[in-house]
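Engineer: Numbered as in the working numbering, the sequence shown ends at 305 without a single skipped number.
Using N, Cα and C, we set each Cβ at its ideal position, and we do this for glycine too.
Predicted model, so just to flag it, every value in this text is computed and none were measured.
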Amino acid sequence: MKHSPPHLDPGGPVLHGLAAGAGGPPARADWTIPQDWASYSPAEHATWATLFARQSRLLPGRACDAFLAGLRALPLSPDRIPDFDALSAVLMKTTGWQVVAVPGLVPDEVFFEHLAHRRFPAGQFIRRADQLDYLQEPDVFHDVFGHVPLLMNPVMADYLQAYGVGGLRAQRLGMLAELARVYWYTVEFGLVMQPEGLRLYGAGIASSFSESRFCLEDASPHRLRFDLARVMRTRYHIDDFQACYFVLRDLDELLALARVDFGPVYAQVAGGEVLEPGELCPGDTVLQRGTGAYHRDRRPSH
Ligand code: HBI
Ligand code: FE
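1) Would you decide whether Glu181 is buried or exposed? Buried here means 16 or more other CB atoms lie within 10 Å of its CB.
2) Who pairs with Ser80 in a beta bridge, going by DSSP?
3) Are there 16 or more other CB atoms within 10 angstroms of the CB of Asp243, so buried, or fewer, so exposed?
4) Have a look at Asp136, Ser210, Met159, Tyr137 and flag the residue whose alpha-carbon is nearest the alpha-carbon of Arg121.
5) I'd like the span of the beta strand (DSSP E) that includes Met196, first residue to last.
6) Quick check on this structure: which residue in Glu112, Ala119, Asp86 has the alpha carbon closest to the alpha carbon of Gly99?
7) How big is the Cα-Cα spacing for Phe212 and Leu61?
8) Please classify Leu153: does DSSP put it in a helix, a strand, or coil?
9) Assuming the contact rule is C-beta atoms closer than 8 Å, His117 and Asp33 should be a hit. Round their C-beta distance to whole Å, please.
10) Grouping DSSP H, G and I as helix and E and B as strand, with all else coil, what is Leu108?
11) In whole angstroms, give me the CA-to-CA distance for Gly24 and Pro110.
12) Tell me which same chain residues have a C-beta within less than 6 Å of the C-beta of Leu163, skipping the five on either side of it?
13) Could you say which of Gly149, Phe148, Val147, Arg130 lies nearest to Leu140 if we only look at CA atoms?
14) From the DSSP output, read off the bridge partner residues of His225.
15) Is Val277 helix, strand or coil by DSSP?
16) Where does Thr237 sit, in a helix, a strand or coil, going by DSSP?
17) With DSSP collapsed to three states, give me the class of Leu179.
18) Going by beta-carbon coordinates alone, are Gly73 and Leu201 separated by less than 8 Å?
19) May I ask which residues mark the beginning and end of the alpha helix (DSSP H) holding Val268?
20) Can you give the Cα-Cα distance for Leu94 and Gln101, rounded to whole angstroms?
21) Is any non-hydrogen atom of ligand 2 found closer than 7 Å to the C-beta of Ala206, if you look at the structure I gave you?
22) Per DSSP, Gln38 is paired with what?
23) Around the C-beta of Arg57, are 16 or more other C-beta atoms found within 10 angstroms, so that it is buried, or is it exposed?
24) Determine the direct distance from the alpha carbon of Tyr204 to that of Gly193, and round the result to whole angstroms.
25) Exposed or buried, which one is Ser215 when buried takes at least 16 other CB atoms within 10 Å?
26) What residues are listed by DSSP as bridge partners for Val289?
27) How far does the beta strand (DSSP E) with Arg262 in it reach, from first residue to last?
28) Express the C-alpha separation of Arg299 and Ala92 in angstroms, rounding to a whole number.
29) Quick check on Leu138: does DSSP put it in helix, strand or coil?
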């Protein structure tokens with residue numbers, strides 16, 4: 004994944020990419036830094052409060068039950084940036100995960116190494132007040148509000164660790180782009196079926212004011228049944244709403260994904276055709292065919 008300049012839509016997703024965090028070389032080899040909770044200013048806590056309030060209002064009925072349960076069970080204050088040690092204490096006894104602070108994006112292998120050891124690297128900083136809806140690097144709101152609730156869920160806890168282990172392997176195999184697409188269309192932008200209807204579980208949408216509605220309510224994007232090989236071949240928008248969302252039957256599907264050997268699937272897709280984000284292909288199980296209206300006449304994908 005790589006970074007690209009912010010787009011013009013005021014409500015795009017929070018993005019991840021390849022570039023390392025700002026500043027010089029890291030003081031520690033694993034790129035962690037102290038969270039230094041006392042250093043957050045009142046204005047920074049106020050930014051958290053604004054983001055927290057509007058997302059908590061939007062998510063009931065949109066986020067899946069497991070996400071909402073995780074959110075409730077975590078020691079999160081509506082008006083203060085959370086303390087990572089307090090989060091880690093609860094996570095550790097629930098699923099064995101910890102939250103560690105990093106300056107922003109870290110190199111892929113550093114990121115994978117943390118996940119493989121059940122440490123979630125969370126951006127220490129919070130976005131500026133003029134960037135409420137869009138920023139390029141994962142900050143504390145995206146990482147904690149978006150990702151940590153599902154780390155309370157045993158299935159996501161195992162899946163994300165498996166992604167870390169798999170990431171190191173994919174790098175060796177030259178299949179990182181394929182694996183990153185799986186991450187993108189699950190952990191960041193995944194949808195799941197619930198008896199009452201479609202729900203979101205991806206952190207990129209759970210932490211986005213506009214995409215949390217777009218992904219479920221807009222007529223533009225396709226909503227397709229998740230299929231591993233298909234997802235591996237599907238490009239994504241890194242700086243705009245997705246043109247396609249992939250839907251799991253239930254979150255337990257991630258458990259199967261954490262256990263399956265990606266090797267044969269890499270072999271199946273290697274050198275094959277890559278699909279554009281909004282493209283449909285034979286074999287797709289189309290749950291809702293999108294109109295494509297949103298992306299029509301916009302820039303091509305990466
Ligand atoms: N670093 N802090 C941080 N957060 C991420 O989500 C992240 C990263 N570095 C690399 C990365 N993601 C992705 O490019 C990989 O998952 C492929
Ligand atoms: Fe993320």
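Structural biologist: So, from the data block:
1) Taking the first residue of the sequence shown as 1, we reach residue 181 at position 178. Glu181 is buried by the Cβ-count criterion.
2) As a working mapping, residue 80 is identified with position 77 in the sequence shown. Beta-bridge pairing links Ser80 to Arg83.
3) Within the sequence shown, residue 243 is the residue found at index 240, counting from 1. Asp243 comes out buried.
4) The sequence position of residue 121 within the sequence shown is 118, counting from 1. Minimum Cα distance to Arg121 is reached at Met159.
5) In the sequence shown, counting from the first residue as 1, residue 196 sits at position 193. Following the DSSP letters along the chain, one finds Met196 inside the beta strand (DSSP E) bounded by residues 194 to 197.
6) Taking the first residue of the sequence shown as position 1, residue 99 is located at position 96. Of the candidates Glu112, Ala119, Asp86, the one whose C-alpha sits nearest the C-alpha of Gly99 is Ala119.
7) In the sequence shown, residue 212 corresponds to position 209, counting from 1. In the sequence shown, residue 61 corresponds to position 58, counting from 1. C-alpha separation (whole angstroms): 8 Å.
8) For the purposes of this step, residue 153 is taken as residue 150 along the sequence shown, with counting starting at 1. Collapsing the DSSP output to three states places Leu153 in a helix.
9) Position 114 of the sequence shown, counted from the first residue, corresponds to residue 117. Position 30 of the sequence shown, counted from the first residue, corresponds to residue 33. Right, their Cβ atoms sit about 7 Å apart.
10) Mapped onto the sequence shown, residue 108 falls at position 105. Leu108: coil per DSSP, three-state reduction.
11) Position 21 of the sequence shown, counted from the start, is the residue given in the question as residue 24. Position 107 of the sequence shown, counted from the start, is the residue given in the question as residue 110. Because Gly24 carries a pLDDT of 46, less than 50, the predicted location of this residue cannot be relied on, and the following value inherits that uncertainty. Note on geometry: alpha-carbon atoms of Gly24 and Pro110 lie some 9 Å from one another.
12) Position 160 of the sequence shown, counted from the start, is the residue given in the question as residue 163. Excluding positions up to five away in sequence, the list reads Leu118.
13) The residue labelled residue 140 in the question sits at position 137 within the sequence shown. Reading off the sequence, residue 140 comes out as Glu, not Leu. The candidate whose alpha carbon is nearest that of Glu140 is Arg130.
14) As a position in the sequence shown, residue 225 is number 222, starting the count at 1. His225 is bridged by DSSP to Cys247.
15) The residue given as residue 277 occupies position 274 in the sequence shown. Coil at Val277, not helix or strand.
16) To locate residue 237, count along the sequence shown from 1; it is residue 234. Strand, per DSSP.
17) As a working note, residue 179 is residue 176 in the sequence shown. Leu179: helix per DSSP, three-state reduction.
18) Position 70 of the sequence shown, counted from the first residue, corresponds to residue 73. Position 198 of the sequence shown, counted from the first residue, corresponds to residue 201. Judged by their CB atoms, Gly73 and Leu201 are not nearer to each other than the 8 Å cut-off.
19) If you number the sequence shown from 1, residue 268 lands on position 265. For Val268, the enclosing alpha helix (DSSP H) stretches over residues 265 to 272.
20) Residue mapping note: residue 94 aligns to position 91 of the sequence shown, counting from 1. Residue mapping note: residue 101 aligns to position 98 of the sequence shown, counting from 1. Between Leu94 and Gln101, the C-alpha separation is close to 6 Å.
21) As a first step, residue 206 must be located in the sequence shown, where it is residue number 203. Yes, the beta carbon of Ala206 sits closer than 7 Å to at least one heavy atom of ligand 2.
22) As a working mapping, residue 38 is identified with position 35 in the sequence shown. Within the DSSP bridge table, the entry for Gln38 names no partner.
23) In the sequence shown, residue 57 corresponds to position 54, counting from 1. By the neighbour-count rule (16 or more Cβ atoms within 10 Å), Arg57 is not buried but exposed.
24) Working through the sequence shown from its first residue, we reach residue 193 at position 190. Working through the sequence shown from its first residue, we reach residue 204 at position 201. Their Cα atoms are separated by approximately 6 Å.
25) Translated into the one-based positions of the sequence shown, residue 215 becomes position 212. Looking at its Cβ environment, which holds 16 or more other Cβ atoms inside 10 Å, Ser215 is buried.
26) As a first step, residue 289 is located in the sequence shown; it is residue number 286 there, counting from the start. Answer by DSSP bridge pairing, in chain order: Leu227.
27) Within the sequence shown, residue 262 is the residue found at index 259, counting from 1. Looking at the DSSP string, Arg262 is not in any beta strand (DSSP E); the run it does join, the alpha helix (DSSP H), is 256 to 262.
28) Locating residue 92 in the sequence shown gives position 89, counting from the first residue. Locating residue 299 in the sequence shown gives position 296, counting from the first residue. If I take the Cα positions, the gap works out to 47 Å.
29) Taking the first residue of the sequence shown as 1, we reach residue 138 at position 135. The answer is coil: DSSP assigns Leu138 none of H, G, I, E or B.
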